[in-house]
Each structure stands twice: as structure tokens, then as C-alpha cells.
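When you read off a place in the sequence shown, starting at 1, and then add 38, the result is the number in my numbering.
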Amino acid sequence: MLNARPPKPSTTDPGTLRLDMPVKFLKGIGERRAEQLERLGIRTARDLLWHLPHRYVDAS
39 MLNARPPKPS TTDPGTLRLD MPVKFLKGIG ERRAEQLERL GIRTARDLLW HLPHRYVDAS
């Protein structure tokens with residue numbers, strides 16, 4: 039019998055990280071953190087990478 043559901047992306051294999059992957063599948067991000075990121079408009083790994091700081095403190 040064939041499984042009707044597509045397999046979940048695995049974060050243990052180095053080749054499975056895709057920019058369109060939902061953040062909830064990234065290692066270390068659970069359901070609660072994914073909901074918090076969603077409120078910031080961060081839904082995918084690409085969104086997370088492009089979430090740049092608006093300002094920072096130069097401590098040099």
C-alpha cells in the first residue's frame with residue numbers, strides 16, 4: 039500500500055534545507071516559535087534569512 043502523504047522534510051540530511059521550507063521544519067524551531075515568527079511575517083527559511091535588523095548598537 040502506498041503512503042498518500044508526502045514525507046516531512048528532514049533537517050538531519052544536509053541536502054534537505056530549502057529556502058521555501060516552512061520554518062517549523064527547521065531544527066530548533068518548534069510549533070510555538072513558528073507561531074511567533076509567523077506574527078513577524080516569517081514563514082519560510084528565506085523569510086528568516088532576509089529578516090535583517092533595522093538598527094544595531096556599534097560596540098566597537
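Note that the Cβ used here is the ideal one computed from N, Cα and C, for glycine as well.
Asked	Found
Residues bridged to T82 [DSSP beta-bridge criterion]	P60
A42 in three-state terms, based on DSSP	coil
Sequence-distant residues of the same chain with beta carbon closer than 7 Å to R81, five excluded per side	P60, V61
Residues of its chain near A97, where Cβ-Cβ distance is below 8 Å and the 5 sequence neighbours each way are ignored	none
Status (buried if at least 16 other CB within 10 Å, exposed otherwise) for L75	buried
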